[in-house]
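Asker:
Numbering (the numbering used here), first residue to last: -12 to 112.
1) Is the beta carbon of residue 28 closer than 8 angstroms to that of residue 10?
2) Please work out which residues of its chain come closer than 6 angstroms, Cβ to Cβ, to residue 31, disregarding the five sequence neighbours upstream and downstream, and give them in chain order.
3) Determine whether the beta carbon atoms of residue 21 and residue 73 lie at a separation below 8 angstroms.
4) Inspect the beta-carbon positions of residue 58 and residue 24 and report whether they are closer than 8 angstroms.
5) For residue 40, count neighbouring Cβ atoms within 10 angstroms of its own Cβ and tell me buried if that reaches 16, exposed if not.
6) Heavy atom of the ligand MN less than 7 angstroms from the Cβ of residue 3, yes or no?
7) Taking the alpha carbon of residue 12 as the point to measure from, which residue in 66, 49 and 76 has its own alpha carbon closest?
8) Can you tell me whether residue 57 is helix, strand or coil according to DSSP?
9) Sort out for me which residues DSSP pairs residue 64 with in a bridge.
10) So, are the CB atoms of residue 56 and residue 67 less than 8 angstroms apart?
11) With burial defined as no fewer than 16 other Cβ atoms inside 10 Å of the residue's Cβ, what is the status of residue 65: buried or exposed?
12) With 16 as the cutoff for other CB atoms within 10 Å, does residue 18 come out buried or exposed?
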């Protein structure tokens, strides 16, 4: 009894031990220099303290730097250390207002005639 079968014409490919990767950790600066932040906003996510916390910022247990007050982000370099601060928003608008009760904006986006119309309609109510 003779059996007919064909031999493989191509060598079987070996399996590779590579070909997988982990997802990125989304680290880095989240708020740029001069950007507005409120308390709790994350400014930097990092591994270790590549950037050190300055005034009005906190440091989380995973070295995340976050804002403690409302203000603008400021990056500095002191003695080869990168430092992040948050400047108070009241100091940016009105220096004669230490109690921060009323902020005086620099620009108004409404005309005087619109203000008068709104005042008249308010008085009628």
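Just so it is clear, CB atoms sit at the ideal spot from N, CA and C, and this is done for glycine as well.
Answerer: Let me lay it out:
1) Taking 8 angstroms as the Cβ cut-off, residue 10 and residue 28 do not qualify as a contacting pair.
2) Counting only Cβ-Cβ distances below 6 angstroms, and skipping sequence neighbours, we find 16, 38 and 52.
3) The answer is no: Cβ separation not under 8 angstroms.
4) Closer than 8 angstroms, so yes.
5) Of the residues assessed, residue 40 falls on the buried side of the cut-off, its CB having 16 or more other CB atoms within 10 angstroms.
6) Summarising the ligand content, the structure contains no ligands, and the ligand MN is consequently not present.
7) Selection 66, 49 and 76 evaluated against residue 12 yields 49 as nearest (Cα-Cα).
8) Here residue 57 sits in coil by DSSP.
9) Answer by DSSP bridge pairing, in chain order: 69.
10) Residue 56 is not a Cβ neighbour of residue 67, given a cutoff of 8 angstroms.
11) With fewer than 16 Cβ atoms within 10 Å of its Cβ, residue 65 is classed as exposed.
12) Buried is the label assigned to residue 18, since at least 16 other Cβ atoms lie within 10 Å of its Cβ.
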